[in-house]
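J.: Residue numbers (UniProt numbering): 1 to 179.
Dropping the structure in here first, questions after.
Below, the structure written as structure tokens:
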């Protein structure tokens, strides 16, 4: 699984309230959360982020609440991936569960500037600043997490699995004539 895009830099300790301010959680539909991504950090950020961008953050990205709205807002803003020096544990898992590719790269912020092109390959275990040629090895994601991301999240994966199970069950015990 590979993603590539222009870097949008963020500091250490960006919390979920900065990623998606609480005022939007019960007032707009989930598919509109991306229109307000990182407004709590910078009111102009939603206008600057472009489809396919890669967020490059410092330490402890996504700390705060356990709500899934934060990675959903990032995903719905069209962000291709998030690379950070470290993530809050619950944010990391929520990101995977909603289909948002993420990678931990200690020291990444020292080697990426705003607008650099960053390529993230979670299968091969590599993050590269293609603008400067600096490359980082990371642990490839386990197959089960890659499967969740490729499906677009845990819910779409389970829906596909249930559909496949139902379809397999319909064919069980039938002869060539369907009897």
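Positions of the beta carbon are idealized from the N, C-alpha and C atoms, including for glycine.
Which stretch, first to last residue, makes up the alpha helix (DSSP H) that contains residue 72?
T.: Annotation for residue 72: the continuous alpha helix (DSSP H) segment containing it runs 69-76.
J.: Is the distance from the Cβ of residue 156 to the Cβ of residue 78 below 9 Å?
T.: no
J.: Is there contact between the region 139-158 and the region 2-9, where contact requires at least three CB pairs shorter than 8 Å?
T.: no
J.: Looking only at its own chain, which residues have a Cβ that is under 8 Å from the Cβ of residue 117, when we skip the five neighbours before and after it?
T.: 4, 5, 6, 7, 129, 130 and 131
J.: For the putative contact between residue 74 and residue 19, defined by C-beta atoms under 8 Å, what is the C-beta separation to the nearest angstrom?
T.: 7 Å
J.: Sort out for me which residues DSSP pairs residue 137 with in a bridge.
T.: 126
J.: Roughly how many angstroms separate the alpha carbons of residue 63 and residue 21, rounded to a whole number?
T.: 13 Å
J.: Using beta-carbon positions only, say whether residue 13 and residue 65 come within less than 9 Å of one another.
T.: no
J.: Exposed or buried, what is residue 71 when buried is set at 16 or more other beta-carbons lying within 10 Å of its beta-carbon?
T.: buried
J.: Pull the bridge partners of residue 36 from the DSSP assignment, please.
T.: Its beta-bridge partners do not exist; DSSP assigns none.
J.: So, is residue 164 buried or exposed, given that buried needs 16 or more other C-beta atoms within 10 angstroms?
T.: exposed
J.: Do you know offhand how far residue 170's Cα is from residue 149's?
T.: 28 Å
J.: From which residue to which residue does the beta strand (DSSP E) around residue 2 run?
T.: 2-9
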